[in-house]
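Scroll down for the structure; my scribbles are underneath it.
There are 4 protein chains.
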Amino acid sequence: MIIALDFQSDVPVYLQLRHQIVIGIAENKLQLGESLPTTRQLAKDAGINPMTVSKAYQVLKAEGYITMDRRHGAKVSQEIRNNGFDTLKESFKLLIAEAKIKGISYESIQSYLKSMYEQ
Amino acid sequence: MIIALDFQSDVPVYLQLRHQIVIGIAENKLQLGESLPTTRQLAKDAGINPMTVSKAYQVLKAEGYITMDRRHGAKVSQEIRNNGFDTLKESFKLLIAEAKIKGISYESIQSYLKSMYEQ
Amino acid sequence: MIIALDFQSDVPVYLQLRHQIVIGIAENKLQLGESLPTTRQLAKDAGINPMTVSKAYQVLKAEGYITMDRRHGAKVSQEIRNNGFDTLKESFKLLIAEAKIKGISYESIQSYLKSMYEQ
Amino acid sequence: MIIALDFQSDVPVYLQLRHQIVIGIAENKLQLGESLPTTRQLAKDAGINPMTVSKAYQVLKAEGYITMDRRHGAKVSQEIRNNGFDTLKESFKLLIAEAKIKGISYESIQSYLKSMYEQ
DNA sequence: GTGGTCTAGACCACG
DNA sequence: GTGGTCTAGACCACC
C-alpha cells in the first residue's frame, strides 16, 4: 500500500490520506481486519507530521472505516457501517452534473462506473 | 432557481453557490445563455455578502460555466468548455470506492446516474 | 478599417477601440491626417454606445494620436507627439519578463519584433 | 526584493504586486524555488491589506508562477508552465505599434530587449 | 504560524 | 446600475 501525497494540492493532506485508504479498502489492497501502520510509522514513511496521520485516522474511525484501540493500533473494520446512499448522493449529483455539462456521454460514465465497481 | 445554503457546512459558501449553479445548469433549471442574478441581488436574496457571490461567479467564469459581460451582467455560457473526463475520474473513483465499501449495489448507483441524466 | 470587439474580454471596450485604432495607424491602414468615422457612425457600426466611442476618442486625443474639432470631426494627427520611450518601457519590461520566464528565446522575440516593425 | 506601489495608478494594487514579482523572477531577483514573504508580512511591509496580497498570490498561482504549500507558504515554482508565445503576441503587437508611431527606432527597442534578456 | 473565508461598507471604472 | 477593488478586522482549517 503506497501513499502518494501532493503537497501542492488544495485537498488537505489528512484528507488525501483518508481518501487513499478508502480507495485501498475498496480495491482490496487493504483487507477487512488488516492492521494499518502506526501513526508514527506512516508519518515517517510519508514525510508528514504524525498529527496529520492521526487526524486522518480519527476521521476514518468516525466514519466507521477503521477501528482504533491502544492495544491493537488501527485496523480496517471487520464490518463497515452502512450509512446508506443518501450521504453520497449529493456528491454524485454534483459530479454527474459536471460530467453532463461537459458533454460526457451517459454511456462513457456508465462504463467507467462499471469498471471501477468490478475491480 | 432557489439557492439553499448551509452555513454550518464545511464547504465554503462561495463553493456551495458554485455547486448549486452547476447542478442548476445540468438540470436545465438554468438554460444556456440565461442571465444570472446580479451579484448584489443574489447576495441580498441569499443573505450573504456581495463579495462572496462575486467569488462564486469568478470561479464559474474561470471554469467556463458562465461569462461576464460589462453590459449585461453574468450569463450561463452558450458553449461550455469541455475539459474531458479525466479531471473528474479521480473524484468518481473515490466516490465509487465509498459506495462499494458501504455495500451499495452497482445497480442502485447506475439507476441514480440514469435518473440524473434523463432530467 | 474593421473594428473587432470582444465583449467577453476583460479589456474595456473603449480601450479595445483605442488599441485597434493605434494598431491601424501603425500598420498604415489609417493614414496620417485621415478622417475617422463620427462617434455616432462608429458606435452604430460596432453596436456600442456612442459614449464609449467618445471616450476612446478622448483618450486618443489626450495621447496625441488624433485631433478633434467640431468642424472637421476626428482625424489622425499629422504629427504624432513623441513622448519618448520611457512611457513604454515599463510595459515592455513586464512583457519581456513574462516571455523570458516562459522560456521564449531571445531570438524568437527579436524576429517577431522585427517582423512587426517592418510591416 | 523591494516592492514599490503607486496608489495613484489605474493599475490595481494586486496587479502591480503581481507584475513586480513576475519582473523579479525574470531578473533573477527571485530564484526558482525561493520562498516569498507570507501574505501578512508582505502586506505589512507594503502597507496594504493582507487580502490584497492574497489576491496577487492567487493570480500568480493560477498562472503557474508560484506554488502555495500549506506547510511552507508561497514559493516561486521550480518549473514555470509554458503557455507559448501566442498569448503574448497581441500585447507585443500593440506596444510595438505605439513605439513605431512615436518614431522610436527598431534599434532602440532591440537594444532594450537585449539588455533585459542579459540580466 | 500559515493561508482561506467572510463580513460590512466604501469607492471607482465601465457602459 | 453593473462588477471590480480595497480596507479593517474577524474567525477558521491546516500543519
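Protein chains in written order, with my numbering: chain A, 2 to 120; chain B, 2 to 120; chain C, 2 to 120; chain D, 2 to 120. Just so it is clear, CB atoms sit at the ideal spot from N, CA and C, and this is done for glycine as well. Model, not experiment: these values are computed from the prediction.
Helix, strand or coil for residue i per DSSP?
i               : result
V77 of chain A  : strand
D7 of chain C   : coil
I97 of chain C  : helix
M2 of chain B   : coil
T53 of chain C  : helix
S106 of chain B : coil
T39 of chain B  : coil
Round the Cβ separation of residue i and residue j to the nearest angstrom and send it over; I've been treating them as touching at under 8 Å.
i              : j              : result
V54 of chain A : L43 of chain A : 5 Å
E28 of chain A : K76 of chain A : Going by Cβ atoms, the distance from E28 of chain A to K76 of chain A rounds to 18 Å, so no, they are not a contact pair.
I24 of chain A : K94 of chain B : 6 Å
Does the distance from the C-beta atom of residue i to that of residue j stay below 8 Å?
i               : j               : result
I4 of chain C   : L16 of chain C  : no
T115 of chain A : Y118 of chain B : Here residue 115 of chain A turns out to be Lys, not Thr, going by the sequence shown. Cβ atoms of K115 of chain A and Y118 of chain B: not closer than 8 Å.
N83 of chain A  : G85 of chain B  : no
Q59 of chain C  : Q111 of chain D : no
S78 of chain D  : T88 of chain D  : no
Q9 of chain A   : D70 of chain D  : yes
M2 of chain A   : K30 of chain A  : yes
K45 of chain B  : Y113 of chain A : no
Report all residues from its chain with a CB closer than 7 Å to the CB of residue i; omit the five preceding and five following residues, and keep chain order.
i               : result
I81 of chain C  : G65 and Y66
A100 of chain C : I110
I26 of chain A  : Y66 and V77
R41 of chain D  : P51
A47 of chain C  : I4 and L6
Q120 of chain C : E28
T39 of chain A  : G74
S1 of chain A   : Shown here, chain A extends from 2 to 120; a query on residue 1 of chain A therefore has no answer.
Taking 6 Å as the limit between beta carbons, can you name the residues of its chain near residue i, skipping five residues before and five after?
i              : result
K56 of chain D : Y15
L33 of chain D : V77 and Q79
Who are the near neighbours of residue i in its chain, counting only those whose CB is closer than 8 Å to its CB and skipping five residues on each side?
i              : result
L37 of chain A : I22, L31, L43, Y58, I67, G74, A75, K76 and V77
V12 of chain A : H20
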